[in-house]
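As you go down the protein sequences, you meet chains A and C in turn.
All residue numbers for the first sequence refer to this note's numbering, where the first residue is 1 and numbers rise by one.
All residue numbers for the second sequence refer to this note's numbering, where the first residue is 1001 and numbers rise by one.
Working notes, structure below.
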Amino acid sequence: MQDLKEIQRKIYPPMVEGDHNYGSVTDKISDITLKKRTPFGWFIGFGIAFLVAQSLLFTAIYLVTTGVGIWGNNQPVDWAFPIINFVWWIGIGHAGTLISAILLLMNQKWRTSINRFAEAMTLFAVACAGMFPVLHTGRPWLAYWLLPYPNTMGMWPQFRSPLMWDVFAVSTYATVSLLFWYVGLIPDLATLRDRAKNKYFKVVYGLLSWGWRGSARHWHRYEIAYLLLAGLSTPLVLSVHSIVSLDFSVAQLPGWHATIFPPYFVAGAIFAGFAMVLILTIPLRVWYNMKDLITDTHLVYMGKVMLATGMIVVYGYAMEAFFAWYSGAQYEVFMMYNRMWDGPYWWSYWLLILCNGISIQFLWFKRFRESAFWLFIISVVVSVGMWLERFVIIVTSLQRDFLPSSWGMYAPTMFDWSMYIGTIGFFFALIFLFVRMLPVISIFEVRALLPDAEVDHHVKDQKAVEGAVEG
Amino acid sequence: MAQLFHRGANNIAKASMALVIVLGGVVYFAYSQIARSSYLTNRYLERPQPVQFSHKHHVGDDGIDCRYCHTSVETAASAGIPPTQTCMNCHNQLWAETPYLEPVRASYRDNKPILWERVHDLPGFVYFNHSIHVAKGVGCSTCHGAVDTMPAVYQENTLQMEWCTSCHKNPEAFIRPKSEIYNMSWKDSNLTAEERANLKKEYKIRSREMLTSCSICHR
């Protein structure tokens, strides 16, 4: 009997560890927001992130008052940091949608304790991503021209342009992600409303929870809405980054014009996204002492997803090189040769292979996969690698195109960097605010994972259940 | 636990959803009206000029042809604003002493052009060409209105891009015989649709795709 339990535990590791019941889970998660004093470390972390975010503000102001000439992009590399960073951020968001939608539909229980902040991460990453194309227009107050709205010009935007598809893909993605996140938050916001002592917090959480009382009808509607939104988000996991990749592959430029781009970009996005989820999860569960809710099993699973998607990306790199050789087209062959050996940016290619190809091979080994420290290090390396991937694709393809007379070099300016680093600060500042003000883990979904939630299980702690019902 | 909100709050929540739709409609309607209003387009605005030259008098009453003053309308991008000398062709004999025309005589004496206030002002990024429009059968009044009835010329149309493209998308609705170009009282209904379609062929007016491509007007 004991052996059987051991085996069961091995096949289906528990997603909540420790001796938890309904009440204790609710206490643990809601207390971060409501009861505990804000840890001193939070102020330091938020302060640093907020200060770094100021460099985004100053760069944006300088950019708008001066012009996009403050950046390094110029002929022939017109698309440089703005699009590299845009694709990088959009990619990071994908893990959130995958975790919340696809893993939900596939009944993967391990999504439950990480989906909330993975979705928040998606939203913040999309916010960072969106700033780049909008500011790259040079006149962000006219960015609404990208939308097809009835206007006095009698004109629609160019629907045949993949940049236009981007506008729809990204705005749909942002809207659905926001709705999904918010709908999932409503029952927990109601819990916070009921538990808050401060009158103003009560009102704010009360407004946000839209009169949720947890009646059977509420839950019925909630489940339907959540499932529908999951269904809507699922194609978005694939479509958004496919369309982002079409920005490149629709062009005829060697290095961009490749049919492998959409799946290869989607895998890269999920790869980068899981790396970012790990970067956020590993410190979070230590700082807030939540190893019982975000268990080592979660980290191992995420490591495995990273390995799988990472290997797809490596396959993509191999195929890019193979296609270039197998096509026999002199421009393609030259592009690849230039990218890997002969060009001025050859080092960026090999750095990319090192970061995305070599580093993840360690994940085959249990020792690395089960060590939070190594997972964190590999995730940081992968995040750098995924940024380099976009750098390699964009810069090395553009700087040597068909005509030697139009060849050139690219170097980012100080303002390229200050804007990029500024968005990272902005992202982390939002994450810090989120952790402070909203439940970072879905309270009611974790409660459903407990043994108490199993229908036929004997209720062992009557008091705790009553406590949870009262809120 | 005490109620946090009054039970009427649910109705407010529901009403707010309806309000968003209604408010959206109102904002859209207001926007579409204001964006096309004469307040923003200067349509129908009569501007003070150094001399209140009346097109109604010179064209309508006296029957002077447009080309007498706007000499380059058939050959150049600009129709041309006449020099003071053109005015003086008549006004050194007619009303030669009237104080009303003193600015004209002063301009002639001092060889300094009269600084007319521009009425039809297209943005600098639009390359409008009068001669091609005249050559393809677009009459003056199609764009400028019945100038022979205007004591002070005003802008008859919005000059917004949707107005330009309404004709560029469907030119055969607006063209007329070459002999009627300068006819101020011409109506599009003077010709049948078939006759206008034939004219389009005769003038070799290019396809809708060509006429609405960006570089036709923006170069």
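Just so it is clear, CB atoms sit at the ideal spot from N, CA and C, and this is done for glycine as well.
Verify the CB distance criterion: does residue i have a CB-CB separation below 9 Å to chain C?
i, result
"A:Val-203", "yes"
"A:Arg-193", "yes"
"A:Gly-214", "no"
"A:Ala-95", "no"
"A:Gly-211", "yes"
"A:His-457", "Confidence at A:His-457 is low in this model, with a pLDDT of 49, below 50, so its placement is unreliable and the value that follows should be read with caution. Output row for A:His-457: interface = no."
"A:Gly-273", "no"
"A:Pro-148", "no"
"A:Asn-198", "no"
"A:Asn-151", "yes"
"A:Met-164", "no"
"A:Gly-154", "yes"
"A:Gly-357", "no"
"A:Gly-206", "yes"
For residue i, would you say it is in contact with chain A, using Cβ-to-Cβ distances shorter than 9 Å as the test?
i, result
"C:Ser-1032", "yes"
"C:Asn-1042", "no"
"C:Ser-1209", "Here the sequence assigns Glu to residue 1209 of chain C, which means Ser is not the residue at that position. False, the Cβ-Cβ gap to chain A never drops below 9 Å."
"C:Lys-1142", "It is Thr, not Lys, that sits at residue 1142 of chain C in the sequence shown. No, no contact with chain A."
"C:Leu-1019", "no"
"C:Glu-1172", "no"
"C:Ala-1013", "yes"
"C:Ala-1035", "yes"
"C:Met-1184", "no"
Could you give the distance in angstroms between the alpha-carbon of residue i and the alpha-carbon of residue j?
i, j, result
"A:Leu-163", "A:Met-335", "24 Å"
"A:Lys-36", "A:Pro-14", "27 Å"
"C:Thr-1142", "C:Lys-1169", "15 Å"
"C:Leu-1094", "C:Pro-1113", "20 Å"
"A:Pro-451", "A:Glu-6", "16 Å"
"A:Arg-369", "A:Leu-299", "8 Å"
"A:Leu-147", "A:Gly-316", "33 Å"
"A:Gly-471", "C:Val-1027", "In this predicted model, A:Gly-471 has a pLDDT of only 46, less than 50, meaning its place in the structure is not dependable; the value taken from the coordinates is given anyway. Approximately 42 Å between the Cα atoms of the pair."
"C:Cys-1069", "C:Pro-1082", "5 Å"
"C:Asn-1190", "C:Arg-1196", "10 Å"
"C:Ala-1106", "C:Thr-1071", "23 Å"
"A:Ser-233", "A:Thr-33", "28 Å"
"A:Ala-196", "A:Gly-96", "28 Å"
"A:Gly-67", "A:Leu-228", "44 Å"
"C:Asn-1111", "C:Ala-1079", "22 Å"
Sorted by chain position, which residues of the same chain lie with C-beta nearer than 6 Å to residue i's C-beta, five sequence neighbours on each side aside?
i, result
"C:Ala-1135", "none"
"A:Tyr-12", "none"
"A:Ala-314", "Reading the sequence as shown, one finds Val at residue 314 of chain A and not Ala. Answer for A:Val-314: Gly-357, listed in chain order."
"A:Leu-189", "Tyr-205, Leu-208, Ser-209"
"C:Ala-1009", "none"
"A:Arg-339", "Tyr-349, Thr-396"
"C:Ser-1054", "Pro-1151"
"A:Thr-297", "Pro-13"
Quick check on residue i: does DSSP put it in helix, strand or coil?
i, result
"C:Asn-1190", "helix"
"A:Val-74", "Rather than Val, the amino acid found at residue 74 of chain A in this sequence is Asn. Note: A:Asn-74 maps to strand in three-state DSSP."
"A:Thr-423", "helix"
"C:His-1218", "coil"
"A:Lys-109", "helix"
"A:Val-384", "helix"
"C:Gln-1093", "coil"
"A:Trp-417", "helix"
"A:Trp-212", "coil"
"C:Ser-947", "Missing from the structure shown is residue 947 of chain C; chain C here goes from 1001 to 1219 and no further."
"C:Arg-1196", "helix"
"A:Ile-44", "helix"
"A:Ser-242", "helix"
"C:His-1133", "helix"
"C:Val-1138", "coil"
"C:Arg-1208", "helix"
"A:Trp-79", "coil"
Which residues in the same chain as residue i place their Cβ atom closer than 8 Å to its Cβ, once the five residues preceding and following it in sequence are excluded?
i, result
"A:Asp-382", "First, the residue type needs correcting, since residue 382 of chain A is Val and not Asp in the sequence shown. Here the set comprises Phe-271, Ala-272, Ala-275, Met-306, Gly-310, Cys-355, Asn-356, Ser-359, Ile-360."
"A:Phe-55", "Reading off the sequence shown, one finds Ser at residue 55 of chain A, where the question assumed Phe. Result list for A:Ser-55: Ser-418, Met-419, Ile-421, Gly-422, Gly-425, in chain order."
"A:Ser-406", "Gln-75, Pro-76"
"A:Val-384", "Cys-355"
"A:Trp-42", "Phe-432, Val-435, Arg-436"
If you drop the 5 nearest sequence neighbours on each side, which residues of the same chain put their C-beta closer than 7 Å to that of residue i?
i, result
"A:Asn-85", "Phe-132, Tyr-420, Thr-423"
"A:Trp-181", "Glu-119, Ala-120, Leu-123"
"A:Tyr-264", "Val-313, Gly-316"
"C:Asn-1183", "Gly-1139"
"C:Cys-1167", "Phe-1174"
Checklist entry - Residue ranges of each alpha helix (DSSP H) run of no fewer than 4 residues wholly in the region 327 to 371 of chain A, ordered along the chain? => result Taking 4 residues as the minimum length, the alpha helix (DSSP H) runs contained wholly in the region 327 to 371 of chain A are 330 to 337, 346 to 352, 366 to 369, in order along the chain.
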